[in-house]
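Student: From first to last, the protein sequence lines stand for chains F and W. Going by our numbering, the first sequence opens with residue 1, and the numbers climb by one from there. Going by our numbering, the second sequence opens with residue 79, and the numbers climb by one from there. Here it is, the structure, as structure tokens.
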Amino acid sequence: MSTIMSAIKKLAGILWSLMGIGIVPLVIMQAMKEIAAKPSEENWIFWSIVIVVLMPIISFSLITFGVFALKGEYDVIQ
Amino acid sequence: MARNNAYQTEEVTSTRRVIAASSVGTLIEWYDFYIFGSLAKIISEQFFPKDNPTAALLATLATFAAGFVVRPFGALFFGRLGDLIGRKYTFLVTLVIMGGSTFAIGLVPGYKTIGFLAPAIVFLLRLLQGLALGGEYGGAATYVAEHSPVGQRGFWTSFIQTTATFGLFLSLGVILIVRQTLGVETFSDWGWRVPFILSALLVGVSIYIRMKMSESPMFAKMKKEGKTSTNPLAESFKQKDNLKMVLIALLGATAGQGVVWYTGQFYALSFLQNTCNIDFVQSNLIISIALLFGTPFFVLFGWLSDKIGRKYIMMAGMLIAVLAYGPLYNSMYDNANLKNKIELVEKTTVETKEAVKGTDNITTTVTKKTFTDGTTYKETKKLTVPLDEVKKAGLAAAGKLKPEIKKEETLSNYLYWKMIGFVFIQVIFVTMVYGPIAAFLVEIFPTRIRYTSMSLPYHIGNGVFGGLVPLIATRLVEASKEPGYSNPLTNMINGVTGHIGTPSGQVDPLAGLMYPILIASVSFVIGMLYISNKTNNMDVE
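Given below as structure tokens:
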């Protein structure tokens with residue numbers, strides 16, 4: 001059972017890392033598309049907050065977490 | 079036996095004193111933080127005039143920066159200090175900074191008196207408030223947990239969890255009392271300063287109480303033995319064993335907890351006011367009553383987490399929230415949707431008034447409707463047309479001659495209580511995820527770096543992931559008005575519940591839920607897979 005769980009945790013680690021990497025181009029492309037369609041101050045502020053604050057936190061934490069999971073760091077949780 | 083009982087009674091009394099002293103200070107910090115938000119409209123008029131773009135930008139930054147960016151920095155700065163010099167003195171400092179900056183906001187002259195300096199000073203003071211809040215929570219939770227008997231940490235720390243809600247109540251209560259006492263006009267003129275200035279008194283009392291408190295026994299023992307950390311930041315975030323726990327705390331717990339909290343407590347209010355068009359007073363009452371009934375559940379779930387473990391309660395809260403948000407928000411929307419109601423046409427009244435104000439002609443049309451279920455509806459259309467024909471033609475050509483429309487719906491008593499029920503259910507989710515979280519965070523980090531390590535994931539989870547819920551959700555609702563819009567989440571929820579979808583070009587009431595549902599789902603999966611349910615046997619040392 002614990003071997004299966006350990007394998008699931010490691011495999012899921014790949015998913016978290018991929019999500020962390022994939023989110024960057026997705027968000028940037030969406031921001032460029034929306035700002036190009038409507039270059040209002042509101043749009044600029046909204047996307048600046050998402051790109052400068054939210055995206056780096058999500059991306060960095062998911063990639064690092066995924067790598068740890070893949071290496072088996074979470075196999076035994078204290 | 080009798081001596082043993084006496085010892086236990088003394089221990090409980092001492093713990094209660096610690097809880098009371100810590101909670102009062104944290105509650106006051108939340109009060110200080112919320113009055114700025116509750117008085118945002120007046121503050122904006124006094125300090126951030128819309129016709130000055132820089133001031134308007136500062137207003138936006140003051141709202142977001144203090145809530146999102148600065149809070150985690152406060153967590154790092156004061157967390158480090160708390161692990162170096164002690165919990166007691168650090169959260170005394172945060173209290174002084176918070177109280178001082180709140181008091182100072184109440185004294186800053188308006189934009190009309192000192193110009194651009196006014197919004198600049200208020201902006202800086204708001205940043206200080208954010209910094210102080212970032213340092214306060216971790217300190218209070220750590221301090222209480224380190225005083226709590228083993229096996230009761232969930233119960234005792236849950237009182238700290240109630241302070242955010244009580245702080246909101248206190249701020250709304252003080253504002254309402256001052257407004258009623260002074261009158262709306264005086265309040266808008268200078269009376270709004272009173273709740274800020276009053277903070278000095280509240281903080282003074284709290285400082286007095288906190289000064290009398292002793293240092294956390296665990297930290298005091300560690301300090302005496304010379305085992306405190308010399309560099310808590312490096313130890314927390316550079317050492318792999320701690321960093322991986324910080325990440326698990328953020329992704330598996332606080333991110334999901336933050337979005338569930340902000341959806342139930344803040345987005346629900348925005349949804350009632352902006353999507354359901356419920357009248358300002360009634361919508362605030364709905365939230366307040368639901369919160370009041372829901373608040374004891376923080377303690378209940380905190381206590382329960384000591385018995386069955388923190389993980390399962392928090393995860394259950396996230397999962398139920400993810401599954402229930404769609405049907406709940408559909409029901410709230412239906413409850414207020416005028417299309418589902420039968421109008422008593424004979425009671426409908428339309429009044430039109432015209433007035434000249436300065437260089438404009440203002441036409442105000444007020445339509446009042448009554449429905450068979452007791453709901454009433456008031457729509458105020460205000461059309462401002464320049465008297466100058468050239469200006470008028472210019473605005474008409476630019477498509478800017480549109481009336482301002484204000485919609486206010488007042489629900490019948492039955493529907494009002496039904497709505498309170500819908501919000502109350504969401505508050506229960508909040509209490510499930512938030513009640514045990516302080517104990518959970520405290521228990522996964524060692525004493526020497528606890529303040530630093532637990533504060534950062536808490537404030538990123540709540541300040542960033544949670545704090546962005548109203549902004550992102552409102553944005554998603556707005557986007558749903560665009561032609562060709564399709565939301566897979568809404569389609570799925572409508573498919574499962576048999577609810578009729580929203581016609582194209584109209585607002586999709588469920589669009590805003592995409593963000594909290596997505597974050598809470600990821601957090602739930604990570605939490606279930608990677609978080610341990612061990613609690614009571616865990617040694618806080």
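We put the beta carbon where it would ideally sit given N, CA and C, even for glycine.
Who are the neighbours of Tyr-608(W) on chain F, taking C-beta pairs under 8 Å?
Tutor: In chain order: Lys-9, Ala-69, Tyr-74 and Ile-77.
Student: Alpha carbon to alpha carbon, how far is Thr-3(F) from Leu-11(F)?
Tutor: In a straight line, the C-alpha of Thr-3(F) is about 12 Å away from that of Leu-11(F).
Student: Any beta carbon of chain W sitting closer than 8 Å to that of Val-24(F)?
Tutor: Chain W contact via Cβ: absent.
Student: Any residues in the segment 525-539 of chain W with a beta carbon nearer than 7 Å to a beta carbon of chain F? Which ones, in chain order?
Tutor: So the close ones are Ile-538.
Student: According to the Cβ coordinates, are Val-511(W) and Val-555(W) closer than 8 Å?
Tutor: No, the pair does not count as a contact, with Cβ atoms beyond the cut-off.
Student: So what does Asn-439(W) bridge to, in DSSP terms?
Tutor: Asn-439(W) is bridged to Val-434(W) and Val-463(W).
Student: Is Asp-110(W) buried or exposed, if buried means 16 or more other CB atoms sit within 10 Å of its CB?
Tutor: So Asp-110(W) ends up on the buried side.
Student: Measuring only between beta-carbons, confirm whether Lys-559(W) sits less than 8 Å from chain F.
Tutor: Answer no: the Cβ-Cβ gap between Lys-559(W) and chain F never drops below 8 Å.
Student: Is Ser-6(F) close to chain W, meaning its C-beta is less than 8 Å from at least one C-beta of that chain?
Tutor: By this cut-off, Ser-6(F) is not an interface position.
Student: Identify the residues that DSSP records as bridge partners of Glu-429(W): which are they?
Tutor: In the DSSP output, where bridge partners are listed per residue, Glu-429(W) has Val-444(W).
Student: Measuring straight from C-alpha to C-alpha, what distance separates Phe-297(W) and Val-600(W)?
Tutor: Taking the straight line from one Cα to the other gives about 35 Å.
Student: Please report the straight-line C-alpha distance between Thr-353(W) and Ala-414(W), rounded to a whole angstrom.
Tutor: Distance between the alpha carbons of Thr-353(W) and Ala-414(W) is about 9 Å.
Student: Please report whether the beta-carbon of Leu-329(W) lies at a distance below 8 Å from any beta-carbon of chain F.
Tutor: So, interface residue.
Student: In chain W, what lies closer than 9 Å to Leu-54(F) by C-beta?
Tutor: Under the 9 Å cutoff, chain W gives Phe-146, Val-542, Phe-543, Leu-546 and Ile-550.
Student: Can you list, in chain order, the residues of the segment 304-328 of chain W whose Cβ is nearer than 8 Å to any Cβ on chain F?
Tutor: Those residues of the segment 304-328 of chain W that come within reach of chain F (Cβ to Cβ, closer than 8 Å) are Lys-318, Leu-321, Lys-322, Leu-325, Ile-326 and Leu-328.
Student: With a threshold of 6 Å on Cβ separation, who are the neighbours of Val-252(W) within its own chain once the five nearest residues in sequence on each side are excluded?
Tutor: The residues are Pro-273.
Student: May I ask you to verify whether the segment 533-553 of chain W touches the segment 165-173 of chain W, counting CB pairs closer than 8 Å and requiring at least 3?
Tutor: With the cut-off at 8 Å, the segment 533-553 of chain W and the segment 165-173 of chain W do not touch.
Student: Between the C-alpha atoms of Val-618(W) and Asp-161(W), what's the straight-line distance to the nearest angstrom?
Tutor: Low local confidence applies: a pLDDT of 45 at Val-618(W) is under 50, so the model's placement there is unreliable, and no value is given.
Student: Measure the CB-CB distance between Leu-205(W) and Val-148(W) and report whether it falls below 8 Å.
Tutor: Going by C-beta atoms, Leu-205(W) is nearer than 8 Å to Val-148(W).
Student: Can a CB atom of chain F be found closer than 8 Å to the CB of Arg-149(W)?
Tutor: It does not; no Cβ of chain F falls within 8 Å.
Student: Closer than 7 Å, Cβ to any Cβ of chain W: which residues of the segment 31-46 of chain F, in chain order?
Tutor: Flagged, chain order: Ile-45 and Phe-46.
Student: Output needed in chain order: residues of the segment 179-213 of chain W with a Cβ under 8 Å from some Cβ in chain F.
Tutor: Listed by position along the chain: nothing, the set is empty.
Student: To the nearest angstrom, report how far apart Val-256(W) and Ser-266(W) are at their CA atoms.
Tutor: Looking at the two C-alpha atoms, the distance is approximately 11 Å.
Student: Where Met-616(W) and Glu-521(W) are concerned, what is the direct C-alpha to C-alpha distance, given to the nearest angstrom?
Tutor: Note that Met-616(W) scores 44 on pLDDT, short of 50, meaning its location in the model is unreliable and no value can be drawn from it.
Student: Are Ser-277(W) and Gly-177(W) touching if we call contact CB-CB under 8 Å?
Tutor: A contact, by the Cβ cut-off of 8 Å.
Student: Can you tell me which of the three DSSP states Ile-253(W) falls into?
Tutor: Reduced to three states, the DSSP call for Ile-253(W) is helix.
Student: Does chain W have any CB closer than 8 Å to the CB of Ile-51(F)?
Tutor: With 8 Å as the cut-off, Ile-51(F) does not count as an interface residue toward chain W.
Student: Taking C-beta pairs closer than 8 Å, name the residues in chain F that Arg-165(W) reaches, listed in chain order.
Tutor: The contacting residues do not exist; Arg-165(W) stays about 23 Å from chain F at best.
Student: Cβ of Ser-61(F) less than 8 Å from any chain W Cβ?
Tutor: Yes, Ser-61(F) lies at the interface with chain W (some Cβ there is under 8 Å from its Cβ).
Student: Between which two residues does the beta strand (DSSP E) containing Lys-38(W) stretch?
Tutor: No answer is possible for residue 38(W): the residues shown for chain W start at 79 and end at 619.
Student: Ordered along the chain, which non-local residues of its own chain (more than five positions away) have a Cβ less than 6 Å from that of Asn-614(W)?
Tutor: A caution first: Asn-614(W) carries a pLDDT of 47, below 50, which makes its placement in the model too unreliable to give a value.
Student: Go ahead and label Arg-388(W) buried or exposed: buried means 16 or more other beta carbons lie within 10 angstroms of its beta carbon, across all protein chains shown.
Tutor: With 16 or more other Cβ atoms within 10 Å, it is buried.
Student: Going by the beta-carbon positions, is the gap between Glu-293(W) and Arg-158(W) smaller than 8 Å?
Tutor: No, the Cβ-Cβ distance between Glu-293(W) and Arg-158(W) is not below 8 Å.
Student: Taking only three categories from DSSP, how would you classify Glu-619(W)?
Tutor: Residue confidence is low: Glu-619(W) scores 48 on pLDDT, short of 50, so the model does not pin down where it sits. No coordinate-derived value is stated.
Student: Taking C-beta pairs closer than 8 Å, name the residues in chain W that Ile-21(F) reaches, listed in chain order.
Tutor: Within chain W, no residue comes near Ile-21(F); the closest Cβ sits about 15 Å away, beyond 8 Å.
Student: Would you report the Cα separation of Val-377(W) and Ile-238(W), rounded to the nearest angstrom?
Tutor: Going from the Cα of Val-377(W) to the Cα of Ile-238(W) covers about 9 Å.
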